[in-house]
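First residue of the sequence shown: 16, per this note's numbering; consecutive thereafter. Below: the structure, in structure tokens.
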Amino acid sequence: MKNRSLLIICLFLVSAFSHAQTRLKPYEEYIETYKSIALENQKRFGIPASITLAQGLLESGAGKSELAIKSNNHFGIKCHNNWKGETVQHFDDGVMSCFRKYNRASESFEDHSLFLVNGARYRALFQIPVNNYAAWAKGLQKAGYATDRQYADKLIRVIETYELQDVTRRSGSNVKARRSSLSWKERRELARAERAEKRAAKEASRLTTTQTNDVLEQAKDYHSLKTKDSGHSIQPQSTHEIFYLGTTPYIVVQFGDSFKAIADEFGIRTSRVYSLNDFPSDYTLTQGEVVYLDKKSNWWEGENPIHTAKAGETLLMIAQTYGLQLKALYKMNQLTEGMEIQAGQRIKLRNPEQMSNFVRTINENMNQLEQTPNQ
Numbered sequence: 016m017k018n019r020s021l022l023i024i025c026l027f028l029v030s031a032f033s034h035a036q037t038r039l040k041p042y043e044e045y046i047e048t049y050k051s052i053a054l055e056n057q058k059r060f061g062i063p064a065s066i067t068l069a070q071g072l073l074e075s076g077a078g079k080s081e082l083a084i085k086s087n088n089h090f091g092i093k094c095h096n097n098w099k100g101e102t103v104q105h106f107d108d109g110v111m112s113c114f115r116k117y118n119r120a121s122e123s124f125e126d127h128s129l130f131l132v133n134g135a136r137y138r139a140l141f142q143i144p145v146n147n148y149a150a151w152a153k154g155l156q157k158a159g160y161a162t163d164r165q166y167a168d169k170l171i172r173v174i175e176t177y178e179l180q181d182v183t184r185r186s187g188s189n190v191k192a193r194r195s196s197l198s199w200k201e202r203r204e205l206a207r208a209e210r211a212e213k214r215a216a217k218e219a220s221r222l223t224t225t226q227t228n229d230v231l232e233q234a235k236d237y238h239s240l241k242t243k244d245s246g247h248s249i250q251p252q253s254t255h256e257i258f259y260l261g262t263t264p265y266i267v268v269q270f271g272d273s274f275k276a277i278a279d280e281f282g283i284r285t286s287r288v289y290s291l292n293d294f295p296s297d298y299t300l301t302q303g304e305v306v307y308l309d310k311k312s313n314w315w316e317g318e319n320p321i322h323t324a325k326a327g328e329t330l331l332m333i334a335q336t337y338g339l340q341l342k343a344l345y346k347m348n349q350l351t352e353g354m355e356i357q358a359g360q361r362i363k364l365r366n367p368e369q370m371s372n373f374v375r376t377i378n379e380n381m382n383q384l385e386q387t388p389n390q
């Protein structure tokens, strides 16, 4: 299994560096909206603004996730035993789980910082300079912030694509001056004191604004309004949460979507949406299918290198399922473009003959180990 994982990592590196990285409009808008909050948290807690923004982008789907919209939870932080604030139930990893709910997004950003500062498992991160985003990303994954094995790679790709390291540099020197001399325990105590002070101020304010809060409590944020589900309602300004397959971003098509609407939402050309997904010019979108927002891979980075075709399945459908370029599938399976496939046909998702000598050697060694008894 260790050797298989090594192969997957190598294949990922081969494909990842060949990707053309596309800047998406919702990501740029999210960064512009929250970069000042991320910088303030960097000054207070010593967490790189680049990491905070990248995590927020990934965890909230650029602020479009249900948790972000309805609960202002931009980092997917669950309740845990020490949470005393509001909560919300949300389906996650196949089960209903308890997540924290905030009154505003800035509270989520602050709680994310406190979550890292107060978490013993993240203690080592604060020994890493704020400008070393790669080490922070890998450290978060190693500490178990997310179960995704490519979490660090995703963070790094987002930071580099949107040049978030430049945001960190704007106040990096201030952070060093204020935090470098503090121990982890001192930083935790400082964070607790700041939180207690803020709570006291909030409580004092609450006593004089009870009537105002009662009125506000009756008002509903327009994002949270419940509308009757007709099953086929078309939103005039449809928005999509951004997901990832490997490190390639994608969305799920909603009823009423069009190529132009998707292109306008994400700030890319309509023709590029077609080309990124290998769609012909007369292609019709179907509700529930995947549309990729950046260049797909030449290699499948998962464990199973073979797909067995089902009845009615096309090579384009397989390419979309695995996030692979259609021309790469044709090439590695020695098929002519446009050729139909049959049910039961075995489709290669990566081809050892096209591997570099380095990756081929790893692949051969892995196969030899798997064929050896008692391994």
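No residue lacks a Cβ here, since even glycine has one placed at the ideal position from N, Cα and C.
* **Closest residue to G271 among Y289, E304, C113 and L155 (Cα-Cα distance)** => Residue mapping note: residue 271 aligns to position 256 of the sequence shown, counting from 1. Among Y289, E304, C113 and L155, the Cα nearest to that of G271 belongs to E304.
* To do: Would you give the residue range spanned by the alpha helix (DSSP H) that Y148 belongs to?
  => The count along the sequence shown starts at 1 and reaches residue 148 at position 133. Looking at the DSSP string, the run of the alpha helix (DSSP H) that includes Y148 is Y148 to A158.
* To do: Indicate the three-state DSSP secondary structure (helix, strand or coil) for Q104 in the structure shown.
  => If you number the sequence shown from 1, residue 104 lands on position 89. Q104 sits in a strand when the DSSP states are folded into three classes.
* Asked: For P63, does the three-state DSSP call read helix, strand or coil?
  -> Within the sequence shown, numbered from 1, the residue matching residue 63 stands at position 48. Coil.
* So K85 packs on T102, CB below 8 angstroms; how close in whole Å? -> In the sequence shown, counting from the first residue as 1, residue 85 sits at position 70. In the sequence shown, counting from the first residue as 1, residue 102 sits at position 87. Taking a contact as a CB-CB distance under 8 angstroms, the pair K85 and T102 does not count as one, their CB atoms being some 12 angstroms apart.
* Asked: With burial defined as no fewer than 16 other Cβ atoms inside 10 Å of the residue's Cβ, what is the status of R221: buried or exposed?
  -> Within the sequence shown, the letter at position 206 stands for residue 221. Annotation note: pLDDT 47 at R221 (below 50); position unreliable, coordinate value reported separately. Burial is judged here by how many other beta carbons sit within 10 angstroms of a residue's own beta carbon; R221 has fewer than 16 and is exposed.
* **Nearest neighbour of V145, chosen from E44, I62 and L350 [CA to CA]** => Your numbering for residue 145 matches position 130 in the sequence shown. For V145, the nearest C-alpha among the options comes from I62.
* Taking just the CA atoms, how far does R172 sit from S121? -> Against the sequence shown, residue 121 aligns to sequence position 106. Against the sequence shown, residue 172 aligns to sequence position 157. Between S121 and R172, the alpha-carbon positions lie close to 24 angstroms from each other.
* According to the Cβ coordinates, are Q57 and T183 closer than 8 angstroms? -> Position 42 of the sequence shown, counted from the first residue, corresponds to residue 57. Position 168 of the sequence shown, counted from the first residue, corresponds to residue 183. Taking a C-beta distance under 8 angstroms as the contact criterion, Q57 and T183 qualify as a contact pair.
* Which residues mark the beginning and the end of the beta strand (DSSP E) in which I174 is found? -> The residue labelled residue 174 in the question sits at position 159 within the sequence shown. Not the beta strand (DSSP E): I174 falls in the alpha helix (DSSP H), residues Y166 to T176.
* Asked: Taking S312 as the reference, which of I52, A135, M347 and V267 has the closest Cα?
  -> Here residue 312 corresponds to residue number 297 of the sequence shown, with the count starting at 1. Per the Cα distances, M347.
* To do: Compare the Cα-Cα distances from L73 to each of E355, S296 and E256 and report the closest residue.
  => Taking the sequence shown and counting its residues from 1, one reaches residue 73 at position 58. The shortest Cα separation from L73 among E355, S296 and E256 belongs to E256.
* Cβ contact (3+ pairs, closer than 8 angstroms) linking the segment 76 to 84 and the segment 41 to 48 -> Enough Cβ pairs lie closer than 8 angstroms, so yes.
* Quick one: grab the DSSP three-state call for Y259. => The residue given as residue 259 occupies position 244 in the sequence shown. Residue state, collapsed to three classes: strand.
* To the nearest angstrom, how far is it from the Cα of F114 to the Cα of D293? -> Taking the sequence shown and counting its residues from 1, one reaches residue 114 at position 99. Taking the sequence shown and counting its residues from 1, one reaches residue 293 at position 278. Each residue's alpha carbon lies about 38 angstroms from the other.
* Asked: Straight-line CA distance for P264 to Y307?
  -> For the purposes of this step, residue 264 is taken as residue 249 along the sequence shown, with counting starting at 1. For the purposes of this step, residue 307 is taken as residue 292 along the sequence shown, with counting starting at 1. Those two C-alpha atoms are separated by around 6 angstroms.
* Give a yes or no on whether the C-beta atoms belonging to F90 and S65 are separated by under 8 angstroms. => One-based indexing of the sequence shown puts residue 90 at position 75. One-based indexing of the sequence shown puts residue 65 at position 50. Not in contact: F90 and S65 (Cβ atoms no closer than 8 angstroms).
* Residues bridged to F124 by DSSP? -> Looking up residue 124 in the sequence shown gives position 109. F124 is not bridged to any residue.
* To do: State the Cα-Cα distance for the pair N391 and K153, rounded to the nearest angstrom.
  => Nothing in the structure corresponds to residue 391, since the chain is present only between 16 and 390.
* **Test item: CB-CB of R361 and W314 under 8 angstroms** => Taking the sequence shown and counting its residues from 1, the one referred to as residue 361 is at position 346. Taking the sequence shown and counting its residues from 1, the one referred to as residue 314 is at position 299. No, Cβ-Cβ distance for R361 and W314 is not below 8 angstroms.
* To do: Figure out for me which residue from G359, K363 and L330 has the closest Cα to the Cα of E352.
  => Counted from its first residue, the sequence shown places residue 352 at position 337. For the residues G359, K363 and L330, the minimum Cα distance to E352 belongs to L330.
* **Closest Cα partner of I321 within the set K363, E280, Q357 and Y137** => If you number the sequence shown from 1, residue 321 lands on position 306. That would be K363, whose Cα lies nearest to the Cα of I321.
* **Neighbourhood of N118 by C-beta distance below 6 angstroms, restricted to the same chain and skipping five residues each side** => To locate residue 118, count along the sequence shown from 1; it is residue 103. Cβ within range, chain order: n/a, list empty.
* How many Å lie between T242 and A278 at the Cα? -> As a working note, residue 242 is residue 227 in the sequence shown. As a working note, residue 278 is residue 263 in the sequence shown. Any answer about T242 is weak, because its pLDDT of 26 lies below 50 and its placement is not dependable; what the coordinates show is given next. Those two C-alpha atoms are separated by around 26 angstroms.
* Please determine, among F106, M111, V110 and D126, the residue with the shortest C-alpha to C-alpha distance to G71. => By one-based count along the sequence shown, residue 71 stands at place 56. With distances taken between Cα atoms, G71 lies closest to D126.
* What separation, rounded to the nearest whole angstrom, lies between the Cα atoms of G334 and Y345? -> As a working mapping, residue 334 is identified with position 319 in the sequence shown. As a working mapping, residue 345 is identified with position 330 in the sequence shown. Just to set this straight, residue 334 is Ala in the shown sequence, not Gly. The C-alpha of A334 lies about 10 angstroms from the C-alpha of Y345.
* To do: Taking S37 and I283 to be in contact with their CB atoms under 8 angstroms, please state how far apart those CB atoms are, rounded to whole angstroms.
  => For the purposes of this step, residue 37 is taken as the residue at position 22 of the sequence shown. For the purposes of this step, residue 283 is taken as the residue at position 268 of the sequence shown. Here residue 37 turns out to be Thr, not Ser, going by the sequence shown. Here T37 really is in contact with I283; their C-beta atoms are around 6 angstroms apart, less than 8 angstroms.
* Asked: Grouping DSSP H, G and I as helix and E and B as strand, with all else coil, what is T299?
  -> Taking the sequence shown and counting its residues from 1, one reaches residue 299 at position 284. Of the three classes helix, strand and coil, the one that applies to T299 here is coil, per DSSP.
* Asked: Do you know offhand how far G359's Cα is from A326's?
  -> Counting from 1 along the sequence shown, the entry for residue 359 is found at position 344. Counting from 1 along the sequence shown, the entry for residue 326 is found at position 311. As the crow flies, the alpha-carbon of G359 is around 8 angstroms from that of A326.
* Asked: In terms of residues, what are the limits of the alpha helix (DSSP H) holding I277?
  -> On the sequence shown, position 262 is the one that residue 277 refers to. Annotation for I277: the continuous alpha helix (DSSP H) segment containing it runs F274 to F281.
* May I have a chain-ordered list of the alpha helix (DSSP H) segments no shorter than 4 residues that lie completely inside the segment 296 to 369? => Qualifying alpha helix (DSSP H) stretches, in chain order: 330 to 337 and 341 to 347.
* Just confirm the distance between the C-beta atoms of F281 and L82, as a whole number of angstroms; I'd bet it's less than 8 angstroms. => Within the sequence shown, the letter at position 266 stands for residue 281. Within the sequence shown, the letter at position 67 stands for residue 82. Contact flag wrong, Cβ pair sits at about 21 angstroms.
* Contact check, G261 vs E175 under 8 angstroms by CB: the rounded distance? -> Taking the sequence shown and counting its residues from 1, one reaches residue 261 at position 246. Taking the sequence shown and counting its residues from 1, one reaches residue 175 at position 160. E175 and G261 do not touch by the CB rule: their CB atoms are close to 16 angstroms apart, not below 8 angstroms.
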